[in-house]
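Numbering (this note's numbering), first residue to last: 193 to 501. Ideal placement from N, C-alpha and C gives every residue a C-beta, glycine not left out. Just so you know, these numbers come straight off a predicted model, no measurement behind them. Below is one structure; the comments refer to it alone.
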């Protein structure tokens, strides 16, 4: 299979800090715009990039621009109002709800998974904590086999993934290693449903999307939305779409939104007070991983997530 034709929402947030041992990052918008335009236009001219780029500092946008086509069949251009698949970035939505439940004293990081999901009986499952599910150290791996990819769209949902997970052997004893785990976040979504009595999607809508006014975010019924992107790849047969991989949005990925809606979410996650209380932000290890490392060449301290077409 040839190189993927990338249809991507590229999202970067930087932090300008003046505290002890922190480096102030001064960014000239015009210089930044020229450099990004020059870089991206090279790839766009080769027909190997389509998408939108948003760069923000302290929650405020410095650069926002869309490139290429959202739908080749209709010759529909990408815009900043196009809805993009945000992939694993919506794991952060799941984590926010977990943090909210912790703030409400309805959940603890040290709680065992089986306290809420009692029908997981594989060796080691009884030792898995909520923290290990969130930090990819539970021992669970992925669920996206080719058999899963070929399922009909309505079957690619939480229920199917939970059944797959119940029959998976753990890759290692919980807490002893790290393996990126989509399953772990689906299990967090199931725990959220168990505690709240509401669906995962309803929790996201009521706890995040509606309070923030995210009016350009799709949480379900993706196939029938006309203003979303279509991903493509280059194959031996030419350029083909990647619609076969689409699935119902779930706790590990699958939401669609505009760059401005995604920025609104991250502005509030890092700087606002509508999602989580400040005491959670100052003490939770998630935010401690967001310390910039501009003094280290070629370093990235933390990447929230991303997706390709």
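Secondary structure note for residue 427: it is in no alpha helix (DSSP H), and the uninterrupted beta strand (DSSP E) holding it is 424-427.
By alpha-carbon distance to residue 353, the top candidate from 336, 361 and 393 is 336.
Secondary-structure assignment with DSSP links residue 252 through a beta bridge to 249.
Judged by DSSP secondary structure, residue 431 falls within the beta strand (DSSP E) whose first and last residues are 430-433. Residue 311 holds the alpha-carbon nearest to the alpha-carbon of residue 382 among 311, 434 and 343. In this structure, the CA atom of residue 480 is about 9 Å from the CA atom of residue 473. By the C-beta criterion, the segment 312-325 is judged not to be in contact with the segment 396-414, since fewer than 3 inter-stretch pairs fall below 8 Å.
In the three-state DSSP reduction, residue 264 falls in the coil class, being neither helix nor strand. In the three-state DSSP reduction, residue 382 falls in the helix class (H, G or I). Burial state of residue 218 is exposed, judged by a 10 Å Cβ sphere holding fewer than 16 other Cβ atoms. For residue 221, the secondary structure class from DSSP, reduced to helix, strand or coil, is helix. Straight across, the Cα-Cα distance linking residue 361 with residue 324 is about 16 Å. If you draw a straight line from the Cα of residue 250 to the Cα of residue 222, it comes to about 18 Å. Contact fails between the segment 419-432 and the segment 379-393, because fewer than three Cβ pairs, one in each stretch, are under 8 Å apart.
Per DSSP, the unbroken alpha helix (DSSP H) holding residue 475 starts and ends at 470-475.
Pairing residue 400 with residue 448 gives a Cβ-Cβ distance that is not under 8 Å.
The C-beta separation of residue 272 from residue 244 comes to about 6 Å, placing the pair in contact by the 8 Å criterion. Buried is the label assigned to residue 330, since at least 16 other Cβ atoms lie within 10 Å of its Cβ.
The criterion of a C-beta distance shorter than 8 Å is satisfied by residue 288 and residue 467. Between the alpha carbons of residue 459 and residue 241 lies a gap of roughly 27 Å.
The beta-carbon distance between residue 443 and residue 340, rounded to whole angstroms, is 16 Å. This is too long to meet the 8 Å contact definition. Residue environment for residue 293: buried (at least 16 other C-beta atoms within 10 angstroms of its C-beta).
Secondary structure at residue 302: coil, using DSSP grouped into helix, strand and coil. In the DSSP assignment, residue 395 falls within the unbroken alpha helix (DSSP H) covering 392-396.
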